[in-house]
Every structure is written in C-alpha cells, then in structure tokens.
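Trainee: If you read the protein sequences in the order shown, they are chains W and C. So the number in the working numbering is just where the residue sits in the first sequence, counting from 1, plus 242. So the number in the working numbering is just where the residue sits in the second sequence, counting from 1, plus 59. Glycine residues also receive a C-beta, built at the ideal position from the N, C-alpha and C atoms.
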Amino acid sequence: MNLPLDELRALSRLAGLQLDDQQLLGYQADLQGILALAARLAELPLAGVEPCPYPRPLTLTLQPDRPGPGLPREVVLRLAPAVAGERVRVPRVVDGEG
Amino acid sequence: MASARPGDGIATLLAAQEGGATSAAHLVEASLHAIAQHDGELNSFVRVAADAAREQAARVDRRRAQGEPVGPLAGIPLGIKDNLLQQGLPAQAGSRILEGFVAPVDSTVVARLRAADAVLVGKTNLDEFAMGSGSETSVHGPVRNPWDHRRVAGGSSGGSAAAVAAGLVTAALGSDTGGSVRQPAAFCGLVGLKPTYGRVSRSGLIAFASSLDQVGPLASCVEDAARILQVIGGPDPADATAAPEPLPDLLAACRQGRAAGLPGIRLGVPRQFFPPGLDPRIADGVGQALDALGRAGATLVELDLPATAHGVAAYYLIAPAEAAANLARFDGVRYGRRAAGVADVAELYGRSRAEGFGPEVIRRLLLGTFALSAGYQERYYLRALQTRTLIREELQQAFRQVDLIAGPTTPGPPYLLGELAADPLAQYLQDCFTIPASLAGLPALSLPCGVTPEGLPVGLQLLAPAFQEQRLLAGAAAAEACLPPPRRLGGPA
Numbered sequence: 243m244n245l246p247l248d249e250l251r252a253l254s255r256l257a258g259l260q261l262d263d264q265q266l267l268g269y270q271a272d273l274q275g276i277l278a279l280a281a282r283l284a285e286l287p288l289a290g291v292e293p294c295p296y297p298r299p300l301t302l303t304l305q306p307d308r309p310g311p312g313l314p315r316e317v318v319l320r321l322a323p324a325v326a327g328e329r330v331r332v333p334r335v336v337d338g339e340g
Numbered sequence: 060m061a062s063a064r065p066g067d068g069i070a071t072l073l074a075a076q077e078g079g080a081t082s083a084a085h086l087v088e089a090s091l092h093a094i095a096q097h098d099g100e101l102n103s104f105v106r107v108a109a110d111a112a113r114e115q116a117a118r119v120d121r122r123r124a125q126g127e128p129v130g131p132l133a134g135i136p137l138g139i140k141d142n143l144l145q146q147g148l149p150a151q152a153g154s155r156i157l158e159g160f161v162a163p164v165d166s167t168v169v170a171r172l173r174a175a176d177a178v179l180v181g182k183t184n185l186d187e188f189a190m191g192s193g194s195e196t197s198v199h200g201p202v203r204n205p206w207d208h209r210r211v212a213g214g215s216s217g218g219s220a221a222a223v224a225a226g227l228v229t230a231a232l233g234s235d236t237g238g239s240v241r242q243p244a245a246f247c248g249l250v251g252l253k254p255t256y257g258r259v260s261r262s263g264l265i266a267f268a269s270s271l272d273q274v275g276p277l278a279s280c281v282e283d284a285a286r287i288l289q290v291i292g293g294p295d296p297a298d299a300t301a302a303p304e305p306l307p308d309l310l311a312a313c314r315q316g317r318a319a320g321l322p323g324i325r326l327g328v329p330r331q332f333f334p335p336g337l338d339p340r341i342a343d344g345v346g347q348a349l350d351a352l353g354r355a356g357a358t359l360v361e362l363d364l365p366a367t368a369h370g371v372a373a374y375y376l377i378a379p380a381e382a383a384a385n386l387a388r389f390d391g392v393r394y395g396r397r398a399a400g401v402a403d404v405a406e407l408y409g410r411s412r413a414e415g416f417g418p419e420v421i422r423r424l425l426l427g428t429f430a431l432s433a434g435y436q437e438r439y440y441l442r443a444l445q446t447r448t449l450i451r452e453e454l455q456q457a458f459r460q461v462d463l464i465a466g467p468t469t470p471g472p473p474y475l476l477g478e479l480a481a482d483p484l485a486q487y488l489q490d491c492f493t494i495p496a497s498l499a500g501l502p503a504l505s506l507p508c509g510v511t512p513e514g515l516p517v518g519l520q521l522l523a524p525a526f527q528e529q530r531l532l533a534g535a536a537a538a539e540a541c542l543p544p545p546r547r548l549g550g551p552a
C-alpha cells in the first residue's frame, strides 16, 4: 500500500492533527509497512463472514430515570485551559464574529 | 513480623495485620521507603500520594483496633496505572496532552479498591495512552525492568509491573488492550491477568480501544491476582459494556485448583504459538514448562488455529480505528493542554493535538483514520472485524476439545531499552500471542515459568473461555504449584 504525501495530508486533516510535510513523511514508511501486513488479511476466506465489532453481543439496558449529581461547575472550570467568568473560553469558532 | 514487606503477598500481609505483627501504617511506610530508595532508577511511579495513602492506612489500623470489620484488601499497598482516574490526583496517561488534568471522580475500579480498604500508594507509569510494548513512550520517561535495568519492563502497564516486581507495592492495576497486562507481567516475572471483556468496569479508564480495553491486576502470585479481581470485577451501572454476570468465588477456585492439581486438565497448545522464528530461549522455557505440566498430569493437545496468525494485522487496524474515535475528545478545549496563540478553533484542535500527542499515538491516529476513511474502510477495517470473527470462532471451537489453551506470552525475553524504537512493526509483533485473546474477549493470564539462560523471566500464557475466570485461575494455581517458583527481587528492607 502506497501512501503518497497528498493522502497523508488528507489523513492528518481528518485526524485533527496539524502536521507539516516533513513530519508526515516521517510516518510514511512505517504506515506503509503496517498496511502491507494488514493487506494480507485478504488471503483469508472472509466471504460471508460477519464482522465482529465487540467480542460479545451488547444490549442496551434501560436504567431508572433518576436525577443524579453532575460535575460541580467550579471543578469543570478548574480543569479548563482558559476561562472567562463562569464559561470555558475558546477561540473564535465562526468567521466574522468578534 | 515488624519486617513485613509489601512484596510478601496479600494472604501473608492480611494475616500479619490480623495477628498484630504488622500494621497498615507500617506497610505503607515500607512501601513509601522502597519507592524513595529504588524508584529513582526504575521510574515506575509518576506520582506518589504519600499523605492520602498514610491516611487510608491509619483509617484501616483504627478500625482494626476498634474491632470493626475491614475490607478484603485492608492495608495492602497497591499501585494504580495512570490511565485510571483516582479522584484528586492528576491522571495523565503518559501524555503531554493531559498536562494539568486532575481526576474529578474515581474510576469504578479505584472506588472498589478503596471500599475494600486497600491503600493506594500512587500512580504508575505507562506507554502514552497505553499504546506500546515497552513503556518507553511516556512523557515521564521510560520504565526500567527491575531484573535488568538496561531492559524494558514491558508495556503498556510497565510501571505497574516494575513496581510489583521490585517489591515497592504488593500488587497493581494495569489495563490490557492487546496484551498490556500480560506482556509486562511476563517481562517482570509476575502474574498478569486480563479478565473477560466485560468482567471489569471501564468507567474511569481513559479509553484507548473500547471493544478491547480491560482492567486487570499484576501480582506476585495467582491467588493475589484472584483476590484483586474479586474486588474490582462485576456488574457496574456506570458502564454499559460491563457484563451482568456475577463473579464466582475466585479465591475458592484457586484453592480448589491447587488441591486438585492438573490430572484431568486438557491443555491445548496451538502450533501457531510456536512459529519458526520464535526466540529459542522462549521456546525452550515454555516447552520445558509444558513438559512439567504434562508430567504433573495435564493432557497436552496440539491445536491448529490458523486465523490467530493474522491477529496482529487485525488488531492494528481495529485498535487504532477505535483510538482515532476515542482520542478525538482531546482537543484543548475543556481540559488538558492547549496550544498557545491560535487564531481559530480549527487551529486550536490541530495544534493542541499535534503538540500534545507523541509520535506513537500520532502514528496510530493516522493509521486508524486511514482504516475508517471512505474507500478503505471495507478493505481494511471491515476485513479486520471479519478476521476477528474467525479468531473468536476458532478459539470457541478449540474449547470444545480442551479446558485451557497454553503457550508463550511473548515471542522473546525483555528487549533492551531503545532496541525497537525505530521499528514500530517489530514492536507490534511483540503482541502476537496476547492479541488473539484480546480480539476474542477471552480471559487470559501470564504466569512466570522460568528464566532464560541469562536469567530473564519467561511467561507462560493460559487462556480460558469467556467468563470462565474460575477455570483459568484454578488451572493457573495448579500450574503455579508445578513450576519453579520465580526469583523474588529485593524490595524494601
């Protein structure tokens, strides 16, 4: 499996990682080697085999709808990297707004 | 018995406290002293909670003195892997991106250990986000193997393993996604138990791969591992993947297993667990151990499990894919590290993550994102999930013929620090024997079974059917009694 630089750029964007080309090229050979190993799964008789996302079937269970304590506001604010008053501060999200 | 040491084992330490020969206060001081003396070199702890541990120990001693009942782990000093939340302590999972994060709640397993009156001495070092086989990728630096300081302690629960092996604590919790409890246990001459998927709550475990992660104990004997699983296991309303099956009496299972011995036990030995390239020191060590178990009455049955040979390939698509989803939450917004001087929120995400994650985590995030991306998902991720079905069915089929499956835990003895740093694929292949049980969600355990000619520990892995921990522990206790006792390293004086 060949992973050219433009594909690595797209992957880093999808993964939410701001990496420059030099950094991306540092991962290229490793990723290609791992994907070459992964490609060997095609040798297995997989036609018609059900995928197994969890090792045992999971069923959603309903729990009583009871109010319970959440995290106190001061704890959440203490964990935040930046706050403004009683809110978590983040950079501008939408262009054109102050 | 005032010289009781954390490494003496749970039964001995409980009896010594009950008999008044030692106290929880003495044990916690012995543990803290040992950490101060030995851990500068080992780097097994990232944080020691001395004051809180002393308070916990004093509470236990006070309750004993007043004749009040105490829990099943009363006064036992334990370590907790730093990807498990312990309220009030930083939980960094070995990553720069979680700098400054202080756990606002206890994980379920920590809460259960507290309720059992265990003394939680501190948080142990690990590979970043539990991704690794050598505990070399932590932001806190590498862990050293107490058996040979030039070598890795295994990973990702290497800090927990090194701390127990050096006698700094009696036992420790780790987490096992593809072998991260069993492999460091093998590398450090310990028992490491990965329970059935769903046996132990994941609530408060910093998620790596949600369909694989399981919390498990590292201990110096099978019975200690059973005692800890007995406390931490069982249903939990806080985790929908925690199974409703109640835990059987695991300590009784160990004792019955030891009394009954191995006659009548059918041990399956897959030929895929002894591939041509297997390190001869492991092949010899595990081969001799299996011979000893055979002489003690076990019937050895050769198995052919061809799909398990593809476990590594399937795992290194599934686990990174799940990690790519789970680690999306680390974005510099609500907690952890935030990149400075960013213009907008997209740059905040991209730079906080690129600066906060180390190279191994980034490699796996890229791999997982690839496996899930349009055009490749069917060829890679879907095939990996189908391969997982084949492996699970093969193992289920095998358990119609045998009671337990046995083989090496690792393909080689502990390697030198830095030896595999430039070759991620070689590191991934370290997990080749532990991954099948992880993919199938089965309980599995590594047991010390001897040493290599240069004196490095060798691990024997045992697997059991899902939710058959009692069978696994009974067989392991019986096997433990037939194998040479592992050398105990010096702990606190």
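Taking Cβ positions, are Glu539/C and Cys247/C nearer each other than 8 Å?
Mentor: no
Trainee: Identify each residue in the stretch 289-302 of chain W for which the Cβ-Cβ distance to at least one residue of chain C is less than 7 Å, and report them in chain order.
Mentor: Val291, Glu292, Pro293, Cys294, Pro295, Tyr296, Pro297, Arg298, Leu300 and Leu302
Trainee: Give the straight-line distance between the Cα atoms of Val401/C and Arg410/C, rounded to the nearest whole angstrom.
Mentor: 8 Å
Trainee: Is Ala326/W close to chain C? Criterion is C-beta to C-beta, closer than 8 Å.
Mentor: no
Trainee: Quick one, which residues of the stretch 405-431 of chain C are near chain W if we go by CB-CB under 9 Å, in chain order?
Mentor: Considering only beta carbons, the part of the stretch 405-431 of chain C lying closer than 9 Å to chain W consists of Ala405, Glu406, Leu407, Tyr408, Gly409, Arg410, Ser411, Arg412, Ala413, Glu414, Phe416, Pro418, Ile421, Arg422, Leu424, Leu425, Leu426, Gly427, Thr428, Phe429, Ala430 and Leu431, in chain order.
Trainee: Check each candidate in Glu453/C, Pro276/C and Gly292/C and name the one with the smallest Cα separation from Asp363/C.
Mentor: Glu453/C
Trainee: Hey, Gly233/C and Lys140/C are a contact pair by Cβ (cut 8 Å); roughly how many whole angstroms apart?
Mentor: 5 Å
Trainee: Mark Thr303/W as exposed unless 16 or more other C-beta atoms lie within 10 angstroms of its C-beta, in which case mark it buried.
Mentor: exposed
Trainee: Please compile the residues from chain W whose C-beta is within a distance smaller than 7 Å of the C-beta of Ser154/C.
Mentor: Residues of chain W passing the Cβ test: none, with the nearest at roughly 14 Å.
Trainee: Could you say which of Gly327/C, Tyr435/C, Ala318/C and Phe267/C lies nearest to Arg388/C if we only look at CA atoms?
Mentor: Phe267/C
Trainee: On a Cα-Cα basis, can you pick out the residue from Asp307/W, Gly268/W and Leu283/W that is closest to Asp482/C?
Mentor: Gly268/W
Trainee: Report yes if the CB atom of Gly226/C is closer than 8 Å to the CB atom of Leu548/C, and no otherwise.
Mentor: yes
Trainee: Distance cutoff 8 Å, beta carbons only. Does Arg308/W sit that close to anything in chain C?
Mentor: no
Trainee: Please work out which residues of its chain come closer than 8 Å, Cβ to Cβ, to Leu261/W, disregarding the five sequence neighbours upstream and downstream, and give them in chain order.
Mentor: Excluding residues within five positions, the ones whose Cβ falls inside 8 Å are Ser254.
Trainee: In its own chain, which residues sit with a C-beta less than 7 Å from the C-beta of Thr428/C, not counting the 5 before and 5 after it?
Mentor: Contacts found: Ala383.
Trainee: Among the residues of its own chain, which have a CB less than 7 Å from the CB of Leu376/C, if the five just before and after it don't count?
Mentor: Ala430, Tyr439, Tyr440 and Ala443
Trainee: Cα separation between Ser270/C and Phe492/C?
Mentor: 18 Å
Trainee: Check this for me: beta carbons of Pro473/C and Gly213/C, under 8 Å apart or not?
Mentor: Cβ atoms of Pro473/C and Gly213/C: closer than 8 Å.
Trainee: Under the three-state reduction of DSSP, which class applies to Asn244/W: helix, strand or coil?
Mentor: coil
Trainee: Pro323/W versus chain C: which residues are under 9 Å apart at the beta carbon?
Mentor: Result: Gly159, Gly391, Val392, Arg393, Tyr394, Gly395, Arg396, Arg397 and Ser411.
Trainee: Note down, in chain order, each residue of its chain lying with its Cβ closer than 8 Å to the Cβ of Arg106/C, except the 5 sequence neighbours on either side.
Mentor: Asp141, Leu148, Pro149, Gly181 and Lys182
Trainee: Taking all protein chains shown into account, do 16 or more other C-beta atoms lie within 10 angstroms of the C-beta of Asn244/W, making it buried, or fewer, making it exposed?
Mentor: So Asn244/W ends up on the exposed side.
Trainee: Which class does Cys280/C belong to by DSSP, given the choice of helix, strand or coil?
Mentor: Taken through DSSP and simplified to helix, strand or coil, Cys280/C comes out as coil.
Trainee: From the beta carbon of Pro311/W, is the nearest beta carbon of chain C less than 8 Å away?
Mentor: no
Trainee: Quick one, which residues of the stretch 243-264 of chain W are near chain A if we go by CB-CB under 7 Å, in chain order?
Mentor: No chain A is present in this structure, whose protein chains are W and C.
Trainee: Of all the CB atoms in chain W, is at least one closer than 8 Å to the CB of Gly257/C?
Mentor: The beta-carbon of Gly257/C is placed less than 8 Å from the nearest beta-carbon of chain W.
Trainee: Using only alpha-carbon positions, find the residue among Val517/C, Tyr374/C and Asn204/C that is nearest to Ala281/W.
Mentor: Tyr374/C
Trainee: Assuming contact is defined by CB atoms lying nearer than 8 Å, are Ala244/C and Leu277/C in contact in what I supplied?
Mentor: A contact, by the Cβ cut-off of 8 Å.
Trainee: So Val228/C and Leu249/C are in contact, right, with Cβ under 8 Å, and what is the actual spacing, rounded?
Mentor: About 12 Å; that fails the 8 Å criterion.
Trainee: With 8 Å set as the bound, which would you pick, yes or no: does the beta-carbon of Gln305/W sit closer than that to a beta-carbon of chain C?
Mentor: yes
Trainee: Report the partner residues of Asn204/C according to the DSSP bridge assignment.
Mentor: Asp207/C
Trainee: Measure from the C-beta of Gly340/W to each C-beta in chain C and report whether the shortest distance is under 8 Å.
Mentor: Residue placement at Gly340/W is poorly supported in this model, since its pLDDT is 44, which falls under 50; the coordinates still yield a value, given next. Answer no: the Cβ-Cβ gap between Gly340/W and chain C never drops below 8 Å.
Trainee: Would you decide whether Gly29/C is buried or exposed? Buried here means 16 or more other CB atoms lie within 10 Å of its CB.
Mentor: Nothing in the structure corresponds to residue 29/C, since chain C is present only between 60 and 552.
Trainee: Below 8 Å on the Cβ atoms is my guess for Ala378/C versus Thr236/C; work out the distance and round it to an integer in Å.
Mentor: 6 Å
Trainee: Reducing DSSP to helix, strand and coil, say where Pro149/C ends up.
Mentor: strand
Trainee: Check whether the Cβ atoms of Gln520/C and Gly471/C sit closer than 8 Å, and answer yes or no.
Mentor: no
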